[in-house]
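Please read the structure below before turning to the comments.
Residue numbers (this note's numbering): 25 to 196.
Have a look at this one:
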């Protein structure tokens, strides 16, 4: 299961691989959209937490979202006469796609063809199983397991930021 920092790190690695292969530097603006794309699909957690629903990994984790949301952003940037709107929209779409690829590692998978009930995972295809534990109906042991993953992800993120700070790549 991937969390915030893991998604960001995979997005960063994706951007660095692009820079290495193409021998072109991504602009700060493009980096912003790439990294934002890696975490935007999980904004559905806010809806889950606010309204106690269980819609995580549905529409925001679908190919429809990966196409329509970047096109919407492209349209907004185009209206604002932004000359790099196509690069930013593409970076956003790539970030969203890396998010999907990371989330497909878990047992819950991703509803790539939402609203179809087919769930895609590296472990195979399945149908949406509402009996799978979520934040609001999991046991104590499952919650502790979930929290351990969050702590590991946070520690990884802090270590990454510490490394970048030591290398003077970022400043606080």
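We treat Cβ as the ideally placed atom computed from N, Cα and C, and that holds for glycine.
The DSSP-derived three-state label of residue 181 is helix. About 17 Å separates the beta carbons of residue 125 and residue 60, which is beyond the 8 Å limit, so they are not a contact pair. Look at the beta carbons and you see the segment 83–102 touching the segment 60–71: at least three pairs across the two are nearer than 8 Å. Residue 29 and residue 81 have their C-alpha atoms some 18 Å from each other. Note on residue 32: 16 or more other CB atoms within 10 angstroms of its CB, so buried under the neighbour-count rule. If you look at residue 64, you'll find it isn't in any beta strand (DSSP E); DSSP assigns it neither H nor E. Residue 58 and residue 93 have their C-alpha atoms roughly 13 Å apart. Note that the C-beta distance between residue 182 and residue 27 is not below 7 Å. In the DSSP assignment, residue 109 falls within the alpha helix (DSSP H) that extends over 109–127. Contiguous beta strand (DSSP E) elements confined to the segment 29–56 do not occur, taking only those with 3 or more residues.
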